[in-house]
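Undergrad: Once you've had a glance at the structure underneath, I'll fire off some questions.
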Amino acid sequence: MLDLFSEEAPWQEPLADGAVILRRRAREEAPALMAAILAVAQQNPFYHRITPGGHRMSVAMTNCGDFGWSSDSRGYQYTEQDRESGRKWPPMPPLFRQLALDCAREAGFPHFNPDACLINRYEPGAKLSLHQDKDEKDLHQPIVSVSLGLPAVFQFGGFARGDATQRVLLEHGDVVVWGGPSRLRYHGILPLKPGDHPLAGAFRYNLTFRRAF
Ligand code: MD3
Ligand code: FE
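The opening residue of the sequence shown carries number 1 in the UniProt record's numbering; numbering runs sequentially from there.
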């Protein structure tokens, strides 16, 4: 039934309970976001983490904010310093924080207060296998994700690794907010197809805003 009094804007696509895509939401900000990503990477360069199992991740990562996500033989952890360089993470740019807060509020999470922003960089072939994000202390806070550059096929499943998955194309400027019961869904990114994006060149970037502690 067409609901004339729905509070959802037409560009908001509910994905699952607690999860919503804000299509193209970050398009206007994208050039400034890209510039800020490159500035962060000048201080703390992207590199490929090693999983606790000893595999080199195909996604390259850096972080900004009070805490950054890291992975090495000791496991997954949020740390105040980049373990590679020993340097603190650059502060979260005000533009990043504002966008994350605005999107979370639009999706129904007015109290979101991120202290970490993981920045993923995908090159052609790079992928992220199905996983859950559960290294954060307070799983009641959502995760806000912002996709920039080349498109990618996002996979999201259920609460067990073997559950059926759905596929969603995430494109430049798309924002997804994951909260409530969706916070612990399995998700991943299929291998990136090669391409050339006017702003991001041969890469896809993804920002994920989190409350780590
Ligand atoms: C669903 N990043 O960094 S963003 C990650 O595109 C991660 O780089 C992917 O998964 C990327 O951990 C996917 C969409 C996303 C992010 C966090 C989620 C979906 C999520 C947390 C819970 C459920
Ligand atoms: Fe994830």
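We put the beta carbon where it would ideally sit given N, CA and C, even for glycine. Predicted model, so just to flag it, every value in this text is computed and none were measured.
(1) Would a C-beta distance cut-off of 8 Å place Val168 and Cys103 closer than the cut-off?
(2) Considering Cα atoms alone, identify which of Gly173, Asp196, Phe209 is closest to Ala32.
(3) What are the boundary residues of the alpha helix (DSSP H) that includes Ala32?
(4) Taking Gly65 as the reference, which of Ala116, Leu184, His48 has the closest Cα?
(5) Could you check where the alpha helix (DSSP H) with Phe96 kicks off and where it finishes?
(6) Between the C-alpha atoms of Pro194 and Ser58, what's the straight-line distance to the nearest angstrom?
(7) If you follow the beta strand (DSSP E) that Leu14 is in, where does it begin and where does it stop?
(8) Per DSSP, Met61 forms a beta bridge with which residues?
(9) List the residues that DSSP assigns as beta-bridge partners of Thr208.
(10) Got a sec: does the ligand MD3 put a non-hydrogen atom nearer than 7 Å to the Cβ of Leu118?
(11) Any heavy atom of the ligand MD3 within a distance shorter than 7 Å of the CB on Phe156?
(12) If Val40 and Ile119 are in contact, beta carbons under 8 Å, what's the gap, nearest whole angstrom?
(13) Measuring alpha carbon to alpha carbon, tell me which residue in Arg183, Thr165, Glu123 is nearest His140.
(14) Does the distance from the C-beta atom of Val127 to that of Ile189 stay below 8 Å?
(15) Who pairs with Arg56 in a beta bridge, going by DSSP?
(16) Determine the direct distance from the alpha carbon of Asn206 to that of His131, and round the result to whole angstroms.
(17) Using a Cβ-Cβ cutoff of less than 8 Å, which residues in the same chain neighbour Pro52 once the five nearest sequence positions on both sides are dropped?
(18) Have a look at Ala16, Arg24, Glu13 and flag the residue whose alpha-carbon is nearest the alpha-carbon of Glu171.
(19) For the ligand FE, is there a heavy atom less than 7 Å away from the beta-carbon of Asp133?
(20) Using DSSP with H/G/I as helix, E/B as strand and the rest coil, what is residue 273?
TA: In short, the structure shows the following:
(1) For the purposes of this step, residue 168 is taken as residue 168 along the sequence shown, with counting starting at 1. For the purposes of this step, residue 103 is taken as residue 103 along the sequence shown, with counting starting at 1. No, these two residues do not count as a Cβ contact at 8 Å.
(2) Working through the sequence shown from its first residue, we reach residue 32 at position 32. Per the Cα distances, Gly173.
(3) Residue 32 sits at position 32 when you count from the first residue of the sequence shown. Note, Ala32: alpha helix (DSSP H), 30-43.
(4) Taking the sequence shown and counting its residues from 1, the one referred to as residue 65 is at position 65. Gly65 has its Cα closest to that of Ala116, out of Ala116, Leu184, His48.
(5) Along the sequence shown, one-based indexing puts residue 96 at 96. Segment 94-106, the alpha helix (DSSP H) holding Phe96.
(6) Residue numbering aside, residue 194 sits at position 194 when the sequence shown is read from its first letter. Residue numbering aside, residue 58 sits at position 58 when the sequence shown is read from its first letter. Between the alpha carbons of Pro194 and Ser58 lies a gap of roughly 14 Å.
(7) As a position in the sequence shown, residue 14 is number 14, starting the count at 1. In the sequence on display, residue 14 carries Pro and not Leu. Unbroken beta strand (DSSP E) run through Pro14: 12-16.
(8) Start at 1 with the first residue of the sequence shown, and residue 61 comes out as number 61. Per DSSP, Tyr47, Asn120.
(9) Here residue 208 is taken as the residue at index 208 of the sequence shown, counted from 1. Bridge partners of Thr208: Leu118, Ser145.
(10) As a first step, residue 118 is located in the sequence shown; it is residue number 118 there, counting from the start. Result yes, Cβ under 7 Å from the ligand MD3.
(11) Counted from its first residue, the sequence shown places residue 156 at position 156. Yes, the ligand MD3 has a heavy atom inside 7 Å of this Cβ.
(12) Start at 1 with the first residue of the sequence shown, and residue 40 comes out as number 40. Start at 1 with the first residue of the sequence shown, and residue 119 comes out as number 119. The Cβ separation is near 7 Å, so the contact holds.
(13) On the sequence shown, position 140 is the one that residue 140 refers to. Out of Arg183, Thr165, Glu123, Arg183 has the C-alpha closest to the C-alpha of His140.
(14) The residue you call residue 127 lines up with position 127 of the sequence shown. The residue you call residue 189 lines up with position 189 of the sequence shown. Strictly speaking, residue 127 in this sequence is Lys, with Val absent from that position. Yes; because the gap between Cβ atoms is below 8 Å, this pair is in contact.
(15) In the sequence shown, the residue the question calls residue 56 occupies position 56. Bridge partners of Arg56: Ile50.
(16) Taking the sequence shown and counting its residues from 1, one reaches residue 131 at position 131. Taking the sequence shown and counting its residues from 1, one reaches residue 206 at position 206. Going by the C-alpha atoms only, they are around 16 Å apart.
(17) Position 52 of the sequence shown, counted from the start, is the residue given in the question as residue 52. If we look at Pro52 and ignore the five residues flanking it on each side, its Cβ neighbours are Ser71, Asp72, Ser73, Arg74, Gly75, Tyr76.
(18) Translated into positions along the sequence shown, residue 171 becomes position 171. With distances taken between Cα atoms, Glu171 lies closest to Arg24.
(19) Taking the first residue of the sequence shown as 1, we reach residue 133 at position 133. Yes, the ligand FE has a heavy atom inside 7 Å of this Cβ.
(20) The structure shown does not extend to residue 273, since the chain is modelled only from 1 through 213, so no value can be given for it.
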